[in-house]
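Participant: Just so you know, we're using the numbering used here here: the sequence shown kicks off at 263 and counts up by one. Glycine included, each C-beta is placed from N, C-alpha and C at the ideal position. All values reported here derive from a predicted model rather than from experimental measurement. This is the structure I have questions about; it appears just below.
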Amino acid sequence: MITATIGLFYGSDTGATEYAAELIETAFEVANIEKHDVHKVSAADFASYDRIILGLSTWFDGDLQSDWEGFFDEFKTIDFTGKKVAIFGLGDQMGYGEFFIDGVGILGQEVVNNGGEVIGVWSTEGYDYDESVAEFEPGWFMGLALDEDNQRDMTESRIAQWVAQLVEEFELEAVGSTT
Ligand SMILES: Cc1cc2nc3c(=O)[nH]c(=O)nc-3n(C[C@H](O)[C@H](O)[C@H](O)COP(=O)(O)O)c2cc1C
Numbered sequence: 263m264i265t266a267t268i269g270l271f272y273g274s275d276t277g278a279t280e281y282a283a284e285l286i287e288t289a290f291e292v293a294n295i296e297k298h299d300v301h302k303v304s305a306a307d308f309a310s311y312d313r314i315i316l317g318l319s320t321w322f323d324g325d326l327q328s329d330w331e332g333f334f335d336e337f338k339t340i341d342f343t344g345k346k347v348a349i350f351g352l353g354d355q356m357g358y359g360e361f362f363i364d365g366v367g368i369l370g371q372e373v374v375n376n377g378g379e380v381i382g383v384w385s386t387e388g389y390d391y392d393e394s395v396a397e398f399e400p401g402w403f404m405g406l407a408l409d410e411d412n413q414r415d416m417t418e419s420r421i422a423q424w425v426a427q428l429v430e431e432f433e434l435e436a437v438g439s440t441t
């Protein structure tokens, strides 16, 4: 039974993050996902959600995806108090191993600065990169890392595992429960 609504905000230059957002939407069976392209949102659009997923790619040596870059000043004004926020990032660990999914760390830090709780942290095991702003403590990314350039065949299973983790951490099964 669908018991909760999650706001999923994503930005994508060549479609990889958008594709991942669609897979994530499909993988959630116990929540209704409302997807928003960051190109078209304002800060007010975040207010109606207590559970939020952010998705972005990293570009040009550690920069936010272009729509997130354009929205970033407004993003920094959002009050995330009382909200749980999960982040997924697309990157290229071989081509840009010094900046792998840096955008996940950049957004995540702002969420924390503005009172939010970042959930869905993800092990760095299984990736081969040099540095990442997303690695907030040794061995842990602030969110799910996906690499459609080098590890495309792992995307679906990583998403399935991450979504199962989010169902617990968003406390979705408890919502609307009578027990
Ligand atoms: C010019 C260029 C710069 C990139 N810079 C980075 C980077 O700094 N860090 C990273 O992890 N990936 C980097 N990437 C890889 C992209 O993030 C990756 O291809 C991603 O899947 C693109 O997703 P999108 O189509 O949703 O924007 C770069 C790719 C290109 C073509």
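The beta strand (DSSP E) spanning Gly-317 covers which residue range?
Facilitator: Note, Gly-317: beta strand (DSSP E), 313-321.
Participant: Going by the CB atoms, is the gap between Glu-387 and Glu-360 shorter than 8 angstroms?
Facilitator: Cβ distance not < 8 angstroms, so Glu-360 and Glu-387 don't count as in contact.
Participant: Please name the residue or residues paired with Ala-282 in a DSSP beta bridge.
Facilitator: In the DSSP output, where bridge partners are listed per residue, Ala-282 has none listed.
Participant: Buried or exposed for Gly-367, going by 16 or more other Cβ atoms inside 10 Å?
Facilitator: Result: buried.
Participant: Whose CA, out of Asp-390, Trp-402 and Val-383, lies closest to the CA of Gln-413?
Facilitator: Answer by Cα proximity: Asp-390.
Participant: Would you say Asp-232 and His-301 are within 8 angstroms of each other, going by their C-beta atoms?
Facilitator: Because the chain spans 263 through 441 in this model, residue 232 falls outside it and cannot be assessed.
Participant: Using 7 angstroms as the cut-off, classify the Cβ of Ala-426 as near or not near the heavy atoms of ligand 1, replying yes or no.
Facilitator: No - ligand 1 has no heavy atom lying nearer than 7 angstroms to the Cβ of Ala-426.
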